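Peer 1: Let me give you the structure first, and then I'll get to my questions.
There are 2 protein chains.
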Amino acid sequence: MRIGVLGTGTVGRTVGGKLAGLGHDVAIGTRDPAATIARTETGPMEQETFAAWHARNPDVRIVPYVEAAAGAELLVNATNGAGSMEALDAAGAENLEGKVLIDISNPLDFSQGMPPSLFVSNTDSLGEQIQRAFPGAKVVKTLNTVTASVMVDPSLVAGGEHTVFVSGDDAGAKEAVTALLRDGFGWRHVVDLGDIATSRGVEMYLPLWLRLFGALGTPFYNVRVVT
Amino acid sequence: MRIGVLGTGTVGRTVGGKLAGLGHDVAIGTRDPAATIARTETGPMEQETFAAWHARNPDVRIVPYVEAAAGAELLVNATNGAGSMEALDAAGAENLEGKVLIDISNPLDFSQGMPPSLFVSNTDSLGEQIQRAFPGAKVVKTLNTVTASVMVDPSLVAGGEHTVFVSGDDAGAKEAVTALLRDGFGWRHVVDLGDIATSRGVEMYLPLWLRLFGALGTPFYNVRVVT
Numbered sequence: 001m002r003i004g005v006l007g008t009g010t011v012g013r014t015v016g017g018k019l020a021g022l023g024h025d026v027a028i029g030t031r032d033p034a035a036t037i038a039r040t041e042t043g044p045m046e047q048e049t050f051a052a053w054h055a056r057n058p059d060v061r062i063v064p065y066v067e068a069a070a071g072a073e074l075l076v077n078a079t080n081g082a083g084s085m086e087a088l089d090a091a092g093a094e095n096l097e098g099k100v101l102i103d104i105s106n107p108l109d110f111s112q113g114m115p116p117s118l119f120v121s122n123t124d125s126l127g128e129q130i131q132r133a134f135p136g137a138k139v140v141k142t143l144n145t146v147t148a149s150v151m152v153d154p155s156l157v158a159g160g161e162h163t164v165f166v167s168g169d170d171a172g173a174k175e176a177v178t179a180l181l182r183d184g185f186g187w188r189h190v191v192d193l194g195d196i197a198t199s200r201g202v203e204m205y206l207p208l209w210l211r212l213f214g215a216l217g218t219p220f221y222n223v224r225v226v227t
Numbered sequence: 001m002r003i004g005v006l007g008t009g010t011v012g013r014t015v016g017g018k019l020a021g022l023g024h025d026v027a028i029g030t031r032d033p034a035a036t037i038a039r040t041e042t043g044p045m046e047q048e049t050f051a052a053w054h055a056r057n058p059d060v061r062i063v064p065y066v067e068a069a070a071g072a073e074l075l076v077n078a079t080n081g082a083g084s085m086e087a088l089d090a091a092g093a094e095n096l097e098g099k100v101l102i103d104i105s106n107p108l109d110f111s112q113g114m115p116p117s118l119f120v121s122n123t124d125s126l127g128e129q130i131q132r133a134f135p136g137a138k139v140v141k142t143l144n145t146v147t148a149s150v151m152v153d154p155s156l157v158a159g160g161e162h163t164v165f166v167s168g169d170d171a172g173a174k175e176a177v178t179a180l181l182r183d184g185f186g187w188r189h190v191v192d193l194g195d196i197a198t199s200r201g202v203e204m205y206l207p208l209w210l211r212l213f214g215a216l217g218t219p220f221y222n223v224r225v226v227t
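If you're matching them up, the sequences are chains A and B in order.
Note that the working numbering numbers the first sequence so that position 172 is 172, with each residue one more than the last.
Note that the working numbering numbers the second sequence so that position 24 is 24, with each residue one more than the last.
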C-alpha cells in the first residue's frame, strides 16, 4: 500500500520505517525535504540525526507534505501536536479526501515548562479539531498513548500483553486501522473507545503517562485494561 | 483509629463501611444527618437508600461534617468534586490541621451533559486546590481511578492484579495511605506518582475511564501498569 507519513521526528521515523519494513511504499512528508536531510543536530527526544536514520532506511522517500499526501492511500499524522494543523494544511484537504488518516499526535504545550500541559483538552481534542478541519478524511486516533518504539513493537513491553485504543467516527476506517495494528504491528489488545470525541480520553491521559514515565524511570511501559 | 469520612454517596458508604469492617471507629460526615437518614430515594448511582445502607452498617456514626472531622485522626474526602470545597469548609480548617486527608474526589462537571467534563484540569487539579485551601492538611489523592467497590476490594477485578496511584506532598502521609491501601484494602500495586500536582494526571484520566466504562459495558475494570 502507498502510505504517507507526515512528520520526521521519532514517531514519524519509527512508524514510517516499520511500515516500509512491512513492504509498504512509504513516503515521509516534511516542509522542506532538503533541510530535513541536511540537519546535523538531533532533536530533544531523538536518538540520531535524520540523515543517519535515512541512511538506515533508504527505501523511505522524503518529500514535501503535499507530495506524501497526494500519492498515498493511507495517511499517518506523526507531527507534533503544535504543528499538526499546519502540516495537514500543507498536505492539502483535497489529498486527504476519502482517506484514512491515522492521528498519533498529542496536543502538548511546552510553553509553561515541564511537564507540558495540553493546548486543547476537556471539552475538545486535537483529534476532533483535525476531523472538523478535514471532514473528508476518516480520522482514527490511536497509538498516542505509548512511546514510539512500542507503537510498532508492543512485544517490547510485558510480552505484548497491554492495550492500545482507537477512536474515530468511521467504523470501516477503525477496522482497517485495527487490522494494521494487529497484523502489522503485533498489537493483541485493541479497544474501540467510540467516536472521535473519545480522543479527549486518550489525549487527556498524557499527563498521567508523563508522570508514570517519571515514576517508573522509563518510557517503556504501558497500561493493560483488565476486567 | 478514628476516621472521618466526608460524603454519604456510594464512595463514602463503601469506604466508610470497609473501614468500620476493619475495626476502625468511623464517623461519616454530612451536612444534615437527620435529612440524610430520612432520605427515601436513591441517588443516580446508588444501589440503596442511605437508611437501608445504615441499617446494614449500624456501627458507622452519621454526624455533621465538623463533628466527623474534629474527632478524627484520619480523614477521607468522599464527596463529589463539585461539593468538596463546601464540605471541607464545613469540616473546618482547624479540624484538618496536621491530619492525613485522603482525597478520592473527581472534579466532574455534568452541566454540559454526558459524559461529564472536568471543572478543573490541565494546569490545576482539585487535589491541588484542596491542598492550597487547607495547607495544614496532608492531602493524598488516591482511589479516584476505580469504581467504589473496587476501591476497597481490588480482588473484584482480575484477581487484584492492577494498579492504584498515590499523589501528595507529604512522604509520610503517602506511606501511611499506601499501608492502608495494601494491608487494609488489599491493593498489591500502588504507584507513587509524586507531589500533589500529579493529581492532574489521575483526574484527567477520568474521561478515558468513562469511555472505557462505555466500551467495556462495566465499571468493574481497571488498568495495570506493565513494563
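Where a beta carbon is used, it is the ideal one built from N, C-alpha and C, also for glycine.
What you are looking at is a predicted structure, and each value in this text was computed from that prediction instead of being measured.
Given that Gln129/A touches chain B, what residues does it touch there, using C-beta distances under 7 Å?
Peer 2: As a working note, residue 129/A is residue 129 in the first sequence. Within 7 Å Cβ-Cβ: nothing; Gln129/A doesn't reach chain B, min ~16 Å.
Peer 1: In its own chain, which residues sit with a C-beta less than 6 Å from the C-beta of Asn222/A, not counting the 5 before and 5 after it?
Peer 2: One-based indexing of the first sequence puts residue 222/A at position 222. Same-chain partners within the cutoff: Val146, Val157 and His162.
Peer 1: Return no unless some Cβ of chain A is closer than 8 Å to the Cβ of Pro207/B.
Peer 2: Here residue 207/B refers to the residue found at position 207 when the second sequence is read from its first residue. At a cut-off of 8 Å between beta carbons, Pro207/B contacts chain A.
Peer 1: Rank Ala70/B, Ala91/B and Ala72/B by C-alpha distance to the C-alpha of Thr79/B and give the top, closest one.
Peer 2: One-based indexing of the second sequence puts residue 79/B at position 79. Comparing Cα-Cα distances from Thr79/B to each of Ala70/B, Ala91/B and Ala72/B, the minimum goes to Ala91/B.
Peer 1: If you drop the 5 nearest sequence neighbours on each side, which residues of the same chain put their C-beta closer than 6 Å to that of Ser117/B?
Peer 2: Within the second sequence, residue 117/B is the residue found at index 117, counting from 1. Once the five neighbours on either side are set aside, the close Cβ partners of Ser117/B are Asp109.
Peer 1: Counting C-beta neighbours from all protein chains within 10 Å, is the total for Arg228/A 16 or more, i.e. buried, or is it exposed?
Peer 2: Nothing about residue 228/A can be read from this structure; chain A reaches only from 1 to 227.
Peer 1: With which residues is Pro64/B paired in a DSSP beta bridge?
Peer 2: What you label residue 64/B is simply residue 64 of the second sequence in a count that begins at 1. Paired residue(s): Thr30/B.
Peer 1: Could you check the C-alpha separation between Ala148/A and Tyr65/A for me, to the nearest Å?
Peer 2: For the purposes of this step, residue 148/A is identified with residue 148 of the first sequence, where counting begins at 1. For the purposes of this step, residue 65/A is identified with residue 65 of the first sequence, where counting begins at 1. Cα to Cα, the separation comes out at about 21 Å.
Peer 1: Whose CA, out of Ala51/A, Ser167/A and Val226/A, lies closest to the CA of Ala34/A?
Peer 2: Within the first sequence, numbered from 1, the residue matching residue 34/A stands at position 34. With distances taken between Cα atoms, Ala34/A lies closest to Ala51/A.
Peer 1: Of all the beta strand (DSSP E) runs that stay within the bounds of the stretch 35-104 of chain A, which reach a length of 3 or more residues?
Peer 2: 61-64, 74-77 and 100-103
Peer 1: Contact criterion: CB-CB distance below 8 Å. Does Arg182/A meet it with respect to chain B?
Peer 2: Numbered from 1 along the first sequence, position 182 holds the residue referred to as residue 182/A. Closer than 8 Å: no.
Peer 1: Quick one, which of Phe185/A, Ser121/A and Lys99/A has its alpha-carbon nearest Asp169/A's?
Peer 2: Looking up residue 169/A in the first sequence gives position 169. The shortest Cα separation from Asp169/A among Phe185/A, Ser121/A and Lys99/A belongs to Lys99/A.
Peer 1: In the DSSP assignment, the alpha helix (DSSP H) including Thr178/A goes from what residue to what residue?
Peer 2: Locating residue 178/A in the first sequence gives position 178, where the first residue counts as 1. Thr178/A -> alpha helix (DSSP H) spans Ala171 to Ala179.
Peer 1: From the DSSP output, in three-state form, read off Arg188/B for me.
Peer 2: Mapped onto the second sequence, residue 188/B falls at position 188. Arg188/B: coil per DSSP, three-state reduction.
Peer 1: Ignore the nearest five residues each way along the sequence and tell me which others in Ala38/A's own chain have a CB closer than 8 Å to its CB.
Peer 2: If you number the first sequence from 1, residue 38/A lands on position 38. Cβ within range, chain order: Ala51.
Peer 1: According to DSSP, is Thr8/A part of a helix, a strand, or is it coil?
Peer 2: On the first sequence, position 8 is the one that residue 8/A refers to. In the structure shown, Thr8/A sits in coil (DSSP, three-state: anything other than H, G, I, E or B).
Peer 1: CB-CB under 8 Å to Asn77/A, same chain, minus the five flanking residues each way: which ones, in chain order?
Peer 2: If you number the first sequence from 1, residue 77/A lands on position 77. Leu6, Gly7, Ser84, Ala87, Leu88, Leu101, Ile102, Asp103, Ile104, Ser105 and Ile130, listed in sequence order.
Peer 1: What is the residue span of the alpha helix (DSSP H) that Gly127/B lies within?
Peer 2: For the purposes of this step, residue 127/B is taken as the residue at position 127 of the second sequence. Note, Gly127/B: alpha helix (DSSP H), Leu126 to Ala133.
Peer 1: Could you tell me which chain B residues have their CB closer than 9 Å to the CB of Tyr221/A, listed as they occur along the chain?
Peer 2: Within the first sequence, residue 221/A is the residue found at index 221, counting from 1. For Tyr221/A, the chain B residues whose Cβ falls inside 9 Å of its Cβ are Val225, Val226 and Thr227, in order along the chain.
Peer 1: Tell me the DSSP bridge mates of Ser155/B?
Peer 2: In the second sequence, the residue the question calls residue 155/B occupies position 155. DSSP lists no partner for Ser155/B.
Peer 1: Residues bridged to Thr142/A by DSSP?
Peer 2: Locating residue 142/A in the first sequence gives position 142, where the first residue counts as 1. In DSSP, Thr142/A forms a bridge with Val166/A.
Peer 1: By a C-beta neighbour count over all protein chains shown, 10 Å radius and 16 as the cutoff for buried, is Ser155/A buried or exposed?
Peer 2: The residue you call residue 155/A lines up with position 155 of the first sequence. Ser155/A comes out exposed.
Peer 1: Got a sec: which bits of the stretch 143-162 of chain B sit with their beta carbon under 8 Å from any beta carbon on chain A, in order along the chain?
Peer 2: Residues passing the 8 Å Cβ filter: Val157, Ala158, Glu161 and His162.
Peer 1: Go through its chain and collect everything with a Cβ distance to Ile225/A's Cβ below 8 Å, but skip five positions before and after it.
Peer 2: On the first sequence, residue 225/A is found 225 positions in, with the first residue counted as 1. Sequence check: residue 225/A is Val here, not Ile. The answer, listed in chain order, is Thr163, His189 and Val191.
Peer 1: Give the residues of chain A in contact with Asp192/B, contact being defined as C-beta atoms less than 7 Å apart.
Peer 2: Residue 192/B sits at position 192 when you count from the first residue of the second sequence. What Asp192/B touches in chain A: Ala215.
Peer 1: Does any C-beta atom of chain A lie closer than 8 Å to the C-beta of Gly201/B?
Peer 2: By one-based count along the second sequence, residue 201/B stands at place 201. Chain A contact via Cβ: present.
Peer 1: Please list the residues of the stretch 94-117 of chain A that have a C-beta atom closer than 8 Å to any C-beta atom in chain B, keeping them in chain order.
Peer 2: Gln112 and Ser117
Peer 1: So is Gly136/B buried or exposed if we call it buried at 16+ other beta carbons inside 10 Å?
Peer 2: Start at 1 with the first residue of the second sequence, and residue 136/B comes out as number 136. The residue in question, Gly136/B, is exposed, as its Cβ has fewer than 16 Cβ neighbours within 10 Å.
Peer 1: Using a threshold of 8 Å, state whether the C-beta atoms of His24/B and Met1/B are closer than that.
Peer 2: Walking along the second sequence from the start, residue 24/B turns up at place 24. Walking along the second sequence from the start, residue 1/B turns up at place 1. A contact, by the Cβ cut-off of 8 Å.
Peer 1: Listing by chain order, which chain A residues have their CB less than 8 Å from the CB of Thr123/B?
Peer 2: In the second sequence, counting from the first residue as 1, residue 123/B sits at position 123. Within chain A, the residues near Thr123/B are Gln112 and Ser117.
Peer 1: So, under 8 Å CB-CB, Thr36/B and Ile3/B are touching, yes? Tell me the CB distance rounded to an integer number of Å.
Peer 2: The residue labelled residue 36/B in the question sits at position 36 within the second sequence. The residue labelled residue 3/B in the question sits at position 3 within the second sequence. The pair is not a contact, with the Cβ atoms about 18 Å apart (cut-off 8 Å).
Peer 1: By how many angstroms is the C-alpha of Lys18/B removed from the C-alpha of Asn57/B?
Peer 2: Against the second sequence, residue 57/B aligns to sequence position 57. Against the second sequence, residue 18/B aligns to sequence position 18. Cα to Cα, the separation comes out at about 10 Å.
Peer 1: For chain D, find out if any of its Cβ atoms is closer than 8 Å to the Cβ of Thr178/B; answer yes or no.
Peer 2: You won't find chain D in this structure, because its protein chains are A and B.
Peer 1: Which residues share a DSSP beta bridge with Gly194/B?
Peer 2: Counting from 1 along the second sequence, the entry for residue 194/B is found at position 194. DSSP, once it has assigned bridges, lists Ser167/B as partnering Gly194/B.
Peer 1: Let me know if Glu128/A comes out buried or exposed under the rule of 16 or more other beta-carbons within 10 Å of its beta-carbon.
Peer 2: Your numbering for residue 128/A matches position 128 in the first sequence. Classification of Glu128/A: buried, given that the 10 Å Cβ count is 16 or more.
Peer 1: Give the straight-line distance between the Cα atoms of Ala72/A and Val15/A, rounded to the nearest whole angstrom.
Peer 2: Walking along the first sequence from the start, residue 72/A turns up at place 72. Walking along the first sequence from the start, residue 15/A turns up at place 15. Ala72/A and Val15/A: Cα-Cα distance of roughly 15 Å.
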